[in-house]
Structure formats: C-alpha cells, structure tokens
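Participant: Note that UniProt numbering gives residue 129 to position 129 of the sequence shown, counting from 1, and the numbers run on in steps of one. Provided herewith is a single structure, encoded as structure tokens, for subsequent inquiry.
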Amino acid sequence: MQGDQASIVAGAINFVKELEQLLQSLEAQKRRRAQLTSTPPFAGFFTFPQYSAGAGAGTADGSGDAESRRGARPGVADVEVAVAESHASVKVLAPRRPRQLVRMVVAMQCLGLTVLHLNATATADQLVFYSFSLRMEDECRLSTVDEIAAAVHQMVAEVHAGGPC
C-alpha cells in the first residue's frame, strides 16, 4: 500500500514537471511570435522608404517602426529608391501576386529603366521582397527618387488591384 502511494506521488510530481516544461515552451513560442509580428520581415532592409504599407500603423504597443517608416507615405507596399548618377537601387516589399515580377520588369522597361540585376525573396506569409539594380536610360523621364518610387508604387498598386496585364 505504501509503495502504491509513493508511485502515485512520484507520478504526480513528474506530471507537474512536464506541465511546467510545457508552459515554459509555450511562453517562449508566444515571445517569438510577438517579436515576429512586431517586426515586419525585411524591415532592416529599408532605411527611409518613400512608401510603406505600414505607414501610420503602429505595433501592438502603439509605437510603430518609426526608424524605418519616418516620412513614408502610405501604400500597398514598402518602396525605397536610391539614385546615384544614372543608376537606381529599388527595394520593394509587397504582397505576392501572380505575374507581379514580370509585369514590374516590363513596366520599368517602358519607363526607360533597364534591369541590371534583381533579387526576389518570398516569405512564408505571402510577401515578396524585390531588390532591383536599374540603369536609367537616356529616354527615361524619371529623374528623382520620388518620381521613381511613385512609378514603382503605382506598378505594384495596379498588380495588387488586378489591373490589365
């Protein structure tokens, strides 16, 4: 009888220890999820975006990502452009859509922007990060970072809205 009680108590102690480990694991997962949702993917890649899907929106604590969103206009995607002489660097973080990249490259060519190099990285939550290295051809009528950012933002907005191919 005494042995049965001891094994029951030992079993209960082991069960409580397992519950404590499970609780710690769940708390760690909760912290990881909170960090992931408060920091958008690729947030570190944008210094001063001209457009931001998160502009004006805050995180759960209301703070927002002020460093990377300062001065950004609201939009359907994060768009940041830097220009040096006749070359432009364009970064875009947008919801993934069918034929989006092809349509953007064609639209850039129509504007006199030649794609020299591009990187595309998809995330698990249906976002895609594009990084373009562009040459501004002589016929390109866009000359400032704001003009290029507005044109790229408009491209993404048209694809997002399901505009004509």
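For glycine and all other residues, C-beta sits at the position ideal for the given N, C-alpha and C. Quick caveat, the model's predicted, so the values are computed rather than measured.
1. Between which two residues does the alpha helix (DSSP H) holding Glu158 run?
2. By the three-class DSSP mapping on this structure, what secondary structure does Arg135 have?
3. By alpha-carbon positions, which one of Phe46, Gly44, Pro74 ends up nearest to Ala53?
4. Consult DSSP for Val9 and reduce its assignment to one of helix, strand or coil.
5. Closer than 8 Å by C-beta to Gln100: which residues in its own chain qualify, once you throw out the five before and the five after it? Chain order, please.
6. For the stretch 42-50 against the stretch 78-92, are there 3 or more C-beta pairs whose distance is under 8 Å?
7. Can you grab the Cα-Cα spacing for the pair Met108 / Ala28, in whole Å?
8. Do Gln126 and Arg103 have their CB atoms nearer than 8 Å?
9. Taking DSSP as the reference, what is the three-state secondary structure of Ala57?
10. Taking its Cβ as the centre, do 16 or more other Cβ atoms sit within 10 Å of Phe132, making it buried, or is it exposed?
11. Determine the DSSP secondary structure at Ala84, reduced to helix, strand or coil.
12. Per DSSP, which one or two residues make a beta bridge with Ser52?
13. Taking the continuous beta strand (DSSP E) assigned at Ala124, which residues delimit it?
Facilitator: Considering the structure as presented:
1. 145-160
2. strand
3. Pro74
4. helix
5. Ala94, Val128, Val156, Val159
6. yes
7. 44 Å
8. no
9. Any answer about Ala57 is weak, because its pLDDT of 42 lies below 50 and its placement is not dependable; what the coordinates show is given next. Reduced to three states, the DSSP call for Ala57 is coil.
10. buried
11. strand
12. Pro74
13. It is not in any beta strand (DSSP E) - Ala124 carries neither H nor E in the DSSP assignment.
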